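*Asks:* Chains as they are written, first to last, in the UniProt record's numbering: chain A, 1 to 293; chain B, 1 to 293.
Protein chains: 2
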Amino acid sequence: MTEDDFLGRLRTFPLHPGAQGLRDDTAIIGGHVVTTDTLVEGVHFLPTDAPEDVAWKLVATNLSDLAAKGAVPAGILLNYPLGDDAFDAGFLRGLAEALATFDTPLLGGDTVTLPCAAPRILTVTAFGTDAAAPPRSGARAGDALWVTGTIGDAGAGLAIALGADGPAALLAAYRRPQPRLAEGRIIAPRARAMMDVSDGLLLDAQRMAAASGLAVTIDLARVPLSHAYRAHAGDALAAATAGDDYELLFAAPADGDFPATRIGGFAPGAGLTLTRGDVAVPLPASLGYAHAR
Amino acid sequence: MTEDDFLGRLRTFPLHPGAQGLRDDTAIIGGHVVTTDTLVEGVHFLPTDAPEDVAWKLVATNLSDLAAKGAVPAGILLNYPLGDDAFDAGFLRGLAEALATFDTPLLGGDTVTLPCAAPRILTVTAFGTDAAAPPRSGARAGDALWVTGTIGDAGAGLAIALGADGPAALLAAYRRPQPRLAEGRIIAPRARAMMDVSDGLLLDAQRMAAASGLAVTIDLARVPLSHAYRAHAGDALAAATAGDDYELLFAAPADGDFPATRIGGFAPGAGLTLTRGDVAVPLPASLGYAHAR
Numbered sequence: 001m002t003e004d005d006f007l008g009r010l011r012t013f014p015l016h017p018g019a020q021g022l023r024d025d026t027a028i029i030g031g032h033v034v035t036t037d038t039l040v041e042g043v044h045f046l047p048t049d050a051p052e053d054v055a056w057k058l059v060a061t062n063l064s065d066l067a068a069k070g071a072v073p074a075g076i077l078l079n080y081p082l083g084d085d086a087f088d089a090g091f092l093r094g095l096a097e098a099l100a101t102f103d104t105p106l107l108g109g110d111t112v113t114l115p116c117a118a119p120r121i122l123t124v125t126a127f128g129t130d131a132a133a134p135p136r137s138g139a140r141a142g143d144a145l146w147v148t149g150t151i152g153d154a155g156a157g158l159a160i161a162l163g164a165d166g167p168a169a170l171l172a173a174y175r176r177p178q179p180r181l182a183e184g185r186i187i188a189p190r191a192r193a194m195m196d197v198s199d200g201l202l203l204d205a206q207r208m209a210a211a212s213g214l215a216v217t218i219d220l221a222r223v224p225l226s227h228a229y230r231a232h233a234g235d236a237l238a239a240a241t242a243g244d245d246y247e248l249l250f251a252a253p254a255d256g257d258f259p260a261t262r263i264g265g266f267a268p269g270a271g272l273t274l275t276r277g278d279v280a281v282p283l284p285a286s287l288g289y290a291h292a293r
Numbered sequence: 001m002t003e004d005d006f007l008g009r010l011r012t013f014p015l016h017p018g019a020q021g022l023r024d025d026t027a028i029i030g031g032h033v034v035t036t037d038t039l040v041e042g043v044h045f046l047p048t049d050a051p052e053d054v055a056w057k058l059v060a061t062n063l064s065d066l067a068a069k070g071a072v073p074a075g076i077l078l079n080y081p082l083g084d085d086a087f088d089a090g091f092l093r094g095l096a097e098a099l100a101t102f103d104t105p106l107l108g109g110d111t112v113t114l115p116c117a118a119p120r121i122l123t124v125t126a127f128g129t130d131a132a133a134p135p136r137s138g139a140r141a142g143d144a145l146w147v148t149g150t151i152g153d154a155g156a157g158l159a160i161a162l163g164a165d166g167p168a169a170l171l172a173a174y175r176r177p178q179p180r181l182a183e184g185r186i187i188a189p190r191a192r193a194m195m196d197v198s199d200g201l202l203l204d205a206q207r208m209a210a211a212s213g214l215a216v217t218i219d220l221a222r223v224p225l226s227h228a229y230r231a232h233a234g235d236a237l238a239a240a241t242a243g244d245d246y247e248l249l250f251a252a253p254a255d256g257d258f259p260a261t262r263i264g265g266f267a268p269g270a271g272l273t274l275t276r277g278d279v280a281v282p283l284p285a286s287l288g289y290a291h292a293r
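1. Kindly say whether residue 167/B, judged by its beta-carbon, lies nearer than 8 Å to any beta-carbon of chain A.
2. From residue 143/A to residue 208/A, what distance separates their C-alpha atoms?
3. Mapping DSSP to helix, strand and coil, what is residue 292/A?
4. Leaving out the 5 sequence neighbours to the left and right, which residues in its chain are closer than 6 Å to residue 105/B when beta-carbon positions are compared?
5. Please identify the residue among 285/B, 117/B, 288/B and 16/B whose C-alpha is closest to the C-alpha of residue 100/A.
6. Can residue 187/A and residue 258/A be called in contact, C-beta distance under 8 Å?
7. Closer than 7 Å, Cβ to Cβ, to anything on chain A: give me those residues from the segment 100 to 130 of chain B, in chain order.
8. Shorter than 8 Å from the beta carbon of residue 264/A to some beta carbon of chain B?
9. If contact means a Cβ-Cβ distance below 7 Å, which residues of the segment 5 to 32 of chain B contact chain A?
10. CA-CA distance, residue 221/A and residue 53/A?
11. Using 8 Å as the cut-off, can you tell me whether the segment 214 to 232 of chain B makes contact with the segment 267 to 279 of chain B, which would need three or more C-beta pairs spanning the two stretches below that distance?
12. Residue range of the alpha helix (DSSP H) that residue 216/B falls in?
13. Which residues of chain A have a Cβ atom closer than 9 Å to the Cβ of residue 74/B, listed in chain order?
14. Contact defined as beta carbons within less than 8 Å: I believe residue 80/A pairs with residue 36/A. What is the distance between those atoms, to the nearest angstrom?
15. Please list the terminal residues of the continuous alpha helix (DSSP H) segment that includes residue 247/B.
16. I want to see whether chain B comes within less than 8 Å of residue 147/A, judged by CB atoms only; does it?
17. So the candidates are 197/A, 168/A and 210/A; which of them puts its Cα closest to the Cα of residue 227/A?
18. With 16 other CB atoms within 10 Å as the buried threshold, where does residue 302/B fall?
19. Residue ranges of each alpha helix (DSSP H) run of no fewer than 4 residues wholly in the UniProt domain "PurM-like C-terminal" (140 to 240) of chain A, ordered along the chain?
20. Near residue 55/B, which residues of its chain fall below 7 Å by C-beta distance, leaving aside the five closest residues on each side in sequence?
21. Using a Cβ-Cβ cutoff of less than 7 Å, which residues in the same chain neighbour residue 190/B once the five nearest sequence positions on both sides are dropped?
22. Name the chain B residues that come within less than 8 Å of residue 77/A, Cβ to Cβ?
23. Under DSSP, the beta strand (DSSP E) around residue 10/B begins and ends at which residues?
24. Which partner residues does residue 280/A have in the DSSP bridge list?
25. Once DSSP output is grouped into helix, strand and coil, what is the label at residue 136/B?
26. For residue 25/B, does the count of other Cβ atoms within 10 angstroms reach 16, so buried, or fall short, so exposed?
27. In whole angstroms, what separates the C-alpha of residue 180/A from that of residue 247/A?
28. Output the distance between the C-alpha atoms of residue 2/A and residue 23/A, rounded to the nearest integer angstrom.
29. So the candidates are 67/A, 33/A and 47/A; which of them puts its Cα closest to the Cα of residue 178/A?
30. For residue 285/A, which three-state DSSP category applies?
31. State the beta-bridge partners of residue 126/A as determined by DSSP.
32. Is the beta carbon of residue 70/A less than 8 Å from the beta carbon of residue 19/A?
33. What does DSSP give as the partner residues of residue 265/B in its beta bridges?
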């Protein structure tokens, strides 16, 4: 069953009012935004990734969803599969570093043991307070599309982690994603729609447009690329379809003053249109990373 | 690393005030009790278990932790690994049935895909409201030890699920555990300490005594056994060391009027003492199921 099929079935269940129709990355309960993300060894991280980096990524991906709501992290729950001592100790080091960096306390969790040779599956559930909580679905026709930071670094970093040559800055973007918590606090109160870019800029922009009942256009010439990415790879289309960016993607007026780059806009209609400046660009076969079977 | 080692390290981290020192099965945030439990195929359920029963057990084990706080379920988050269509569809049926039975709405979650042939790992995080929330650590010397329902049925049911002969009632106790939500609402406001029995009566009673800084004595002759269990197996010691009971274990005055059975008591000191009536019984080598490497 695909993720969309599964979610479609779940939407027929009785839903908590804070579930927001299961159409957002976060829910709301007890005055907190809450989000949960699971990372799977061999899918979301490499068996060769250092346990310190796995812990960091597990925390960062969850806090990125809080950042997209403009929330202040309040605590996390950890579901952890106990393994060998070296991995566990490294994981604890990375967890301590991530929680200290993002000033986030531990709230609780669960540990389990796995059958021999099973891939690690780790879950964090993160709580945030004081969120402006712009929905994914709030974009209006005429809004500009904005994105923080630079795009594509982590995707290029993954290729480096898999053995390609490349600069340390891109590898670091893959290994140590930075949730945009400070930017989220500034942007969220004035954003009409916001989400983090986790599965690819094009795919996530298309999702925001669909949730908002609008069409979206992205100008590849405006997609922000780092100096390291330009020197190493340089292809904006590859950057815009790679995953793991954890930047904030939002809809807001075009004349706003945001710590972000304006890359496109929303209009009545449906679907995603790509340009490079004024020239139309055909959509690639894959817009990003989608969970399939 | 053992669970105790891992938890010991986590207790040195900055903790949320609601984490209660990571010494309880639940935490408190935003006026809700929250608990999270992960089930692993081949560890907490059998690869041959029906997906409907896996879904039920995943919900029931989490709601059992809410029951031990006297809470009313408010919602759950689900972390689900998409698999084959037949399993997914069966899981959704069981999930719908469990959530309807326990009047619990869906709040959100995450889906992932697994590498080929990886065992399923599923997590639910459950929220409850209006909890009296007796801690695990609140027993006082002189309190009696009480337990709801009957003990050992699910352990015998597991043997039946693995191929042994036996009555359907015991198999059902393994497949469809019943969280004691109604009993928890009645008991929690008058219990000094409470937890659910998930890893074995003796092990969990010893944990409550240790958390309370007391010694505990259990009279095996008083451990409540079902008619089906008596007829099929009958051994109170085997019942008291089997897992998956999901009954409520609590400390309260001996003259209280509870929907439960008085099976022992707390005294100054430390450790677990077993009797059968007035006769001392040596402790078995294993008190229950403990997560090891």
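No residue lacks a Cβ here, since even glycine has one placed at the ideal position from N, Cα and C.
Computed from a predicted model, the values in this text were never measured in an experiment.
*Replies:* With the given structure in hand:
1. Counting from 1 along the second sequence, the entry for residue 167/B is found at position 167. No, residue 167/B lies away from the interface with chain A (no Cβ there is under 8 Å from its Cβ).
2. Residue mapping note: residue 143/A aligns to position 143 of the first sequence, counting from 1. Residue mapping note: residue 208/A aligns to position 208 of the first sequence, counting from 1. Straight-line Cα distance between these residues: approximately 12 Å.
3. Locating residue 292/A in the first sequence gives position 292, where the first residue counts as 1. Residue confidence is low: residue 292/A scores 40 on pLDDT, short of 50, so the model does not pin down where it sits. No coordinate-derived value is stated.
4. Sequence index remark: in the second sequence, residue 105/B carries index 105 (1-based). Counting only Cβ-Cβ distances below 6 Å, and skipping sequence neighbours, we find 75.
5. Here residue 100/A refers to the residue found at position 100 of the first sequence. Closest by alpha carbon: 16/B.
6. On the first sequence, position 187 is the one that residue 187/A refers to. On the first sequence, position 258 is the one that residue 258/A refers to. Yes, these two residues count as a Cβ contact at 8 Å.
7. 105, 106, 107, 108, 109, 110, 111, 112, 113, 114, 115, 118, 119, 121, 123, 125 and 127
8. By one-based count along the first sequence, residue 264/A stands at place 264. By this cut-off, residue 264/A is not an interface position.
9. 6, 9, 10, 13, 14, 15, 16, 18, 19, 22, 27, 29, 30, 31 and 32
10. Looking up residue 221/A in the first sequence gives position 221. Looking up residue 53/A in the first sequence gives position 53. Their Cα atoms are separated by approximately 32 Å.
11. yes
12. Sequence index remark: in the second sequence, residue 216/B carries index 216 (1-based). Looking at the DSSP string, residue 216/B is not in any alpha helix (DSSP H); the run it does join, the beta strand (DSSP E), is 215 to 219.
13. Here residue 74/B is taken as the residue at index 74 of the second sequence, counted from 1. Going along chain A in sequence order, the residues near residue 74/B (Cβ under 9 Å) are 16, 29 and 30.
14. Within the first sequence, residue 80/A is the residue found at index 80, counting from 1. Within the first sequence, residue 36/A is the residue found at index 36, counting from 1. Contact flag wrong, Cβ pair sits at about 14 Å.
15. Translated into the one-based positions of the second sequence, residue 247/B becomes position 247. Counting along the chain, residue 247/B falls outside any alpha helix (DSSP H), though it belongs to the beta strand (DSSP E) covering 247 to 252.
16. The residue labelled residue 147/A in the question sits at position 147 within the first sequence. It does not: the Cβ of residue 147/A has no partner Cβ on chain B nearer than 8 Å.
17. Counted from its first residue, the first sequence places residue 227/A at position 227. Among 197/A, 168/A and 210/A, the Cα nearest to that of residue 227/A is on 168/A.
18. The structure shown has nothing for residue 302/B, since chain B only spans 1 to 293.
19. 153 to 161, 168 to 175, 181 to 187, 201 to 212 and 227 to 232
20. One-based indexing of the second sequence puts residue 55/B at position 55. The residues are 91, 94, 95 and 98.
21. As a position in the second sequence, residue 190/B is number 190, starting the count at 1. These residues qualify, in order along the chain: 252 and 256.
22. Locating residue 77/A in the first sequence gives position 77, where the first residue counts as 1. The answer, in chain order, is 27, 34, 36 and 125.
23. In the second sequence, residue 10/B corresponds to position 10, counting from 1. Unbroken run through residue 10/B is the alpha helix (DSSP H), 3 to 10; no beta strand (DSSP E).
24. By one-based count along the first sequence, residue 280/A stands at place 280. According to DSSP, residue 280/A bridges with 275/A.
25. Position 136 of the second sequence holds residue 136/B. In the structure shown, residue 136/B sits in coil (DSSP, three-state: anything other than H, G, I, E or B).
26. For the purposes of this step, residue 25/B is taken as the residue at position 25 of the second sequence. With 16 or more other Cβ atoms within 10 Å, it is buried.
27. Along the first sequence, one-based indexing puts residue 180/A at 180. Along the first sequence, one-based indexing puts residue 247/A at 247. C-alpha separation (whole angstroms): 7 Å.
28. Residue 2/A sits at position 2 when you count from the first residue of the first sequence. Residue 23/A sits at position 23 when you count from the first residue of the first sequence. Going from the Cα of residue 2/A to the Cα of residue 23/A covers about 16 Å.
29. Taking the first sequence and counting its residues from 1, the one referred to as residue 178/A is at position 178. Checking every option, the nearest Cα to that of residue 178/A belongs to 67/A.
30. Against the first sequence, residue 285/A aligns to sequence position 285. Of the three classes helix, strand and coil, the one that applies to residue 285/A here is coil, per DSSP.
31. Within the first sequence, the letter at position 126 stands for residue 126/A. Paired residue(s): 35/A and 76/A.
32. To locate residue 70/A, count along the first sequence from 1; it is residue 70. To locate residue 19/A, count along the first sequence from 1; it is residue 19. Cβ distance not < 8 Å, so residue 70/A and residue 19/A don't count as in contact.
33. One-based indexing of the second sequence puts residue 265/B at position 265. Note: residue 265/B sits in a beta bridge opposite 144/B and 217/B.
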